[in-house]
Amino acid sequence: MPSHTVIDLQDPIFLAHRGGKLRTSTTVPLDSREDLSVAYTPGVARVCEAIAADESLARTHTWRSNVVAVVTDGTAVLGLGDIGPAASLPVMEGKAALFRQFADVDAVPICLDTKDPDEIVAAVAAIAPSFGGINLEDIAAPRCFDIEDRLKARLDIPVFHDDQHGTAVVVLAALTNALRLQDRRAEDLTVTIVGAGAAGVAITKILTEAGVGDVIVCDSTGIVHEGRGRLNSVKARLATFTNRTGRRGDVTAALRGADVLVGVSGGSIPESALEGMAPNAIVFALANPTPEVAPETALRHAAIVATGRSDYPNQINNVLAFPGIFRGALDAGAPQITEAMKLAAARAIADIAAEDLAADRIVPSPLDPRVAPAVAAAVKAAA
Numbered sequence: 001m002p003s004h005t006v007i008d009l010q011d012p013i014f015l016a017h018r019g020g021k022l023r024t025s026t027t028v029p030l031d032s033r034e035d036l037s038v039a040y041t042p043g044v045a046r047v048c049e050a051i052a053a054d055e056s057l058a059r060t061h062t063w064r065s066n067v068v069a070v071v072t073d074g075t076a077v078l079g080l081g082d083i084g085p086a087a088s089l090p091v092m093e094g095k096a097a098l099f100r101q102f103a104d105v106d107a108v109p110i111c112l113d114t115k116d117p118d119e120i121v122a123a124v125a126a127i128a129p130s131f132g133g134i135n136l137e138d139i140a141a142p143r144c145f146d147i148e149d150r151l152k153a154r155l156d157i158p159v160f161h162d163d164q165h166g167t168a169v170v171v172l173a174a175l176t177n178a179l180r181l182q183d184r185r186a187e188d189l190t191v192t193i194v195g196a197g198a199a200g201v202a203i204t205k206i207l208t209e210a211g212v213g214d215v216i217v218c219d220s221t222g223i224v225h226e227g228r229g230r231l232n233s234v235k236a237r238l239a240t241f242t243n244r245t246g247r248r249g250d251v252t253a254a255l256r257g258a259d260v261l262v263g264v265s266g267g268s269i270p271e272s273a274l275e276g277m278a279p280n281a282i283v284f285a286l287a288n289p290t291p292e293v294a295p296e297t298a299l300r301h302a303a304i305v306a307t308g309r310s311d312y313p314n315q316i317n318n319v320l321a322f323p324g325i326f327r328g329a330l331d332a333g334a335p336q337i338t339e340a341m342k343l344a345a346a347r348a349i350a351d352i353a354a355e356d357l358a359a360d361r362i363v364p365s366p367l368d369p370r371v372a373p374a375v376a377a378a379v380k381a382a383a
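First residue of the sequence shown: 1, per the UniProt record's numbering; consecutive thereafter.
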């Protein structure tokens with residue numbers, strides 16, 4: 001248990017979580033013998049036999065078309081790190097509650113007591129027949145990349161690591177609107193991403209796909225480049241299509257002349273590093289609960305600032321993306337979530353905020369009821 005943990009079971013937070021945040025409910029009556037014979041035996045046997053003869057009926061005659069497994073191994077939970085599967089369950093319950101609240105999607109938390117990628121892949125593949133989609137959550141990098149890739153290749157339902165792709169979609173939406181405000185083009189930008197974990201890698205990929213001029217990735221050692229030693233396979237791949245000018249050095253060198261900073265590192269960035277950024281800079285300091293640079297500090301050097309926190313303007317929150325993305329994918333019966341679907345989701349989020357755009361309103365509120373339906377429609381069309 002972390003040394004700073006304070007346990008007060010009468011605290012409103014603990015009281016709200018007592019008994020968990022989820023429950024199941026029935027969709028058919030169970031009030032009479034006839035009800036039982038329809039919902040359970042003997043009537044259910046006819047549906048089982050039909051699915052055995054035509055497995056596609058499982059999508060229309062079970063809950064599978066509207067249920068997602070939220071799967072974790074508890075190794076990268078929020079900003080808490082590797083706290084284990086039991087301690088991760090409140091977060092997975094919360095994620096499932098967001099699915100239901102914002103997109104009318106049922107979700108089941110699955111916390112696996114293993115860190116072995118082979119065992120995780122085998123476990124998820126084994127339970128997949130019960131679900132219409134798999135939302136991977138809070139699995140540490142770089143194992144999360146391998147696990148997702150293997151499951152996508154093995155399963156015929158959407159597999160989506162939200163820490164990667166949900167974050168990337170919302171970052172792209174926010175950047176799209178920041179550029180609208182400044183009348184700038186993505187191809188003219190130099191974007192520095194501080195953090196090369198799950199979110200940093202996915203953001204790099206989606207910004208490149210969206211046409212950003214150059215992306216420089218910086219990890220705890222410094223700028224990722226092809227000549228640097230001891231790069232894992234994921235970072236080595238990043239080095240082949242980022243940092244086109246061949247920069248070397250630390251975060252200060254990475255930010256020199258940069259138009260945009262995206263922080264997804266969980267660390268801190270000195271104010272002096274921001275002083276070298278280009279005029280009208282854009283800073284997304286997304287570490288939670290403590291941003292890499294305080295918003296008040298960032299605003300001394302940037303025209304537009306966003307964080308991951310709800311108590312500052314421009315909250316980059318994954319709930320803007322994942323409920324609608326899964327809603328659209330499930331409605332389309334899509335076997336996977338493609339890059340085109342992610343780009344469509346980002347455009348839909350950006351377009352909602354564009355109706356009332358300002359430097360402190362570049363993304364919609366996470367509570368805006370228009371977001372999930374708009375994202376779902378865009379994703380379904382792209383699918």
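All residues carry an ideal CB built from backbone N, CA and C; glycine is no exception.
So who's on the other strand from residue i, going by DSSP bridges?
i      : result
ALA348 : DSSP lists no partner for ALA348.
GLN315 : THR307
VAL260 : VAL191, ILE282
LEU136 : VAL71, HIS161
PRO42  : Per DSSP, none; premise fails for PRO42.
VAL217 : ILE193
GLY81  : VAL77
ARG361 : ALA358
PRO109 : VAL70
Between the beta-carbon of residue i and the beta-carbon of residue j, is there less than 9 Å?
i      : j      : result
SER214 : THR245 : Here residue 214 is Asp; the residue named in the question, Ser, does not match the sequence. Yes. Within cutoff.
LEU98  : VAL194 : no
ALA278 : ALA258 : yes
ASN135 : VAL70  : yes
ALA273 : THR252 : yes
What does the Cβ neighbour count give for residue i, buried or exposed, with the cut at 16 atoms within 10 Å?
i      : result
LEU367 : exposed
ALA378 : buried
MET1   : The predicted model places MET1 with a pLDDT of 44, which falls under 50 and marks its position as unreliable, so this point remains unresolved.
GLU137 : buried
VAL28  : exposed
LEU189 : buried
ILE7   : exposed
HIS44  : The question names His, yet the displayed sequence has Val at residue 44. Exposed.
CYS48  : exposed
SER32  : exposed
When the Cα of residue i is compared with those of the options, which residue comes out closest?
i           : options                        : result
residue 384 : LYS342, ILE362, ALA340         : Any property of residue 384 remains undetermined from this structure, which presents the chain solely from 1 to 383.
ALA298      : ALA285, LEU357, SER310, GLN101 : ALA285
ALA168      : GLY200, ARG228, PRO85          : GLY200
ALA303      : LEU179, ASP82, THR242, ALA52   : LEU179
VAL67       : ILE127, GLY249, SER37          : ILE127
LYS95       : ARG370, ASP360, ALA321         : ALA321
LEU57       : SER130, ALA281, SER365         : SER130
ALA381      : ALA354, LYS342, LEU357         : LYS342
ILE216      : ALA359, ALA239, ALA358         : ALA239
For chain C, find out if any of its Cβ atoms is closer than 9 Å to the Cβ of residue i; answer yes or no.
i      : result
LEU112 : Absent from the structure: chain C. Only one protein chain is present.
query: Pairing CB atoms from the segment 160-178 with CB atoms from the segment 335-354, are three or more of them under 8 Å?
result: yes
- prompt: Between the segment 111-122 and the segment 52-63, do three or more beta carbon pairs fall short of 8 Å?
  reply: no
message: Quick test of the definition: if touching needs 3 or more C-beta pairs under 8 Å, does the segment 155-167 touch the segment 202-216?
response: yes
query: How about the segment 368-375 and the segment 319-339: do they share at least three Cβ pairs that are nearer than 8 Å?
result: yes
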